[in-house]
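Peer 1: Counting from 1, position 79 in the sequence shown corresponds to residue 79 in UniProt numbering; the numbering is continuous, with no gaps.
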Amino acid sequence: MLIDFGALPPEINSGRMYTGPGSGPLIAAAGAWDALAADIGAAASGYRTVIAELTSLQWSGPASAAMLAAVTPYVTWLCATAARAEQAGMQARAAAAAYETAFAMTVPPPLIAANRVRLMVLVATNFFGQNTP
């Protein structure tokens, strides 16, 4: 469901931006995704190293080939999962940056309130149309 922020009054949009959690949770999520990607990548690298050592130096034959065939899809999955976790971290950082950009462009609630008060004063004192352009 997409929200048309242009259809909402400024008080609503500004209030939501200024009372929400901010970009902190997105930045924290990006860090968590990065840490997960690093951990999974390290596990994949460790598996690759151990398998390479076992199959090339210490262990050869049909059992070695069978073990290599059994572990290879798992290592491939680990690598792909690490890449996806890294991508999720980048997307969370991009979302945080987009939020910060939108926040910087949002009019603060006190400024909107002052504008509304000024409008009411101008309407209330517009006896002869002098406040109308």
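Glycine included, every Cβ here is placed at the ideal spot set by N, Cα and C.
A quick note: this is a predicted structure, and the numbers were derived from the prediction, not measured.
Of the choices Asn131, Pro108, Val121 and Phe127, whose alpha-carbon is the least far from that of threonine 19?
Peer 2: Pro108
Peer 1: State the start and end residues of the unbroken alpha helix (DSSP H) segment that holds methionine 120.
Peer 2: Segment 109 to 124, the alpha helix (DSSP H) holding methionine 120.
Peer 1: If you drop the 5 nearest sequence neighbours on each side, which residues of the same chain put their C-beta closer than 6 angstroms to that of alanine 29?
Peer 2: Ala92
Peer 1: Since I believe glutamate 86 is in contact with alanine 37 (beta carbons under 8 angstroms), could you give me their beta-carbon distance rounded to a whole number of angstroms?
Peer 2: 4 angstroms
Peer 1: For tryptophan 33, which of helix, strand or coil comes out of DSSP?
Peer 2: helix
Peer 1: Given that a residue counts as buried once 16 or more other Cβ atoms are within 10 Å of its Cβ, and exposed if not, what is leucine 78?
Peer 2: By the Cβ-count criterion, leucine 78 is buried, with 16 or more other Cβ atoms from all chains shown falling within 10 Å of its own Cβ.
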